[in-house]
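Working notes for the structure below.
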Amino acid sequence: MKISDWKRVLYALLALPACFGSRRARQLLAERLLHVPPREGTPRYLAAAGVSVPAIPLALLIGFLVWRIVTYGLFWDPSTANESWGGPSLAGAWIVHFFCALGMAVVAMWVLRPLTDLQARLLSGRVVAGTTVPTT
Numbered sequence: 016m017k018i019s020d021w022k023r024v025l026y027a028l029l030a031l032p033a034c035f036g037s038r039r040a041r042q043l044l045a046e047r048l049l050h051v052p053p054r055e056g057t058p059r060y061l062a063a064a065g066v067s068v069p070a071i072p073l074a075l076l077i078g079f080l081v082w083r084i085v086t087y088g089l090f091w092d093p094s095t096a097n098e099s100w101g102g103p104s105l106a107g108a109w110i111v112h113f114f115c116a117l118g119m120a121v122v123a124m125w126v127l128r129p130l131t132d133l134q135a136r137l138l139s140g141r142v143v144a145g146t147t148v149p150t151t
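So the sequence shown is numbered by our numbering: it starts at 16 and just counts up by one.
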């Protein structure tokens, strides 16, 4: 996981609200987070919003996993320690849950990568999958 993967997570969360902003705001978001240069052409907002449908839950899942593992000790209940994966110690349970969450976050980021690439192409007006986008 690199910094660019975390930028993709942030982009996935902000791309749908950016659809309601100005064209410059969308281009700036894609430039700053995904390093996609602006290009002439008609952005395809509805298609990009459709890509947000699976992208936003994935980004929220990644955020939840990171937050939950960071705060795992705050939710530790010693009365259920024997039932916890990696229990009965807090350290053992935290390690097991950390590696489970890490695996899920890596897979979610792997799935999020092509979604954010497609979103950026649709919003920047670039040609997508051999189709032509009319220029103004």
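For every residue, glycine included, the Cβ atom is placed at its ideal position computed from N, Cα and C.
Checklist entry - Would residue 59 be called buried (16 or more neighbouring beta carbons within 10 Å of its own) or exposed? => result buried
Item to check | Backbone secondary structure at residue 50 - three-state DSSP | outcome: Coil, per DSSP.
Checklist entry - Which same chain residues, not among the five before or five after residue 77, have their C-beta less than 6 angstroms away from its C-beta? => result 24, 120 and 123
Next on the checklist: In the DSSP assignment, the alpha helix (DSSP H) including residue 79 goes from what residue to what residue?
Outcome noted: Going by DSSP, residue 79 is part of the alpha helix (DSSP H) stretching over 60-85.
Item to check | Given residue 63 as reference, the closest of 22, 84 and 28 once Cα atoms are compared | outcome: 28
Item to check | CA-to-CA distance, residue 133 to residue 65, given in whole angstroms | outcome: 11 angstroms
Next on the checklist: The alpha helix (DSSP H) that contains residue 22, what's its start and end?
Outcome noted: Boundaries of the alpha helix (DSSP H) harbouring residue 22: 18-33, taken from the DSSP string.
Item to check | Residue of 80, 91 and 33 minimising C-alpha distance to residue 135 | outcome: 33
Next on the checklist: Could you tell me the alpha carbon to alpha carbon distance between residue 17 and residue 38, rounded to whole angstroms?
Outcome noted: 28 angstroms
Next on the checklist: To the nearest angstrom, how far is the alpha carbon of residue 30 from that of residue 88?
Outcome noted: 33 angstroms
Item to check | Simplified DSSP state of residue 107, which is helix, strand or coil | outcome: Here residue 107 sits in helix by DSSP.
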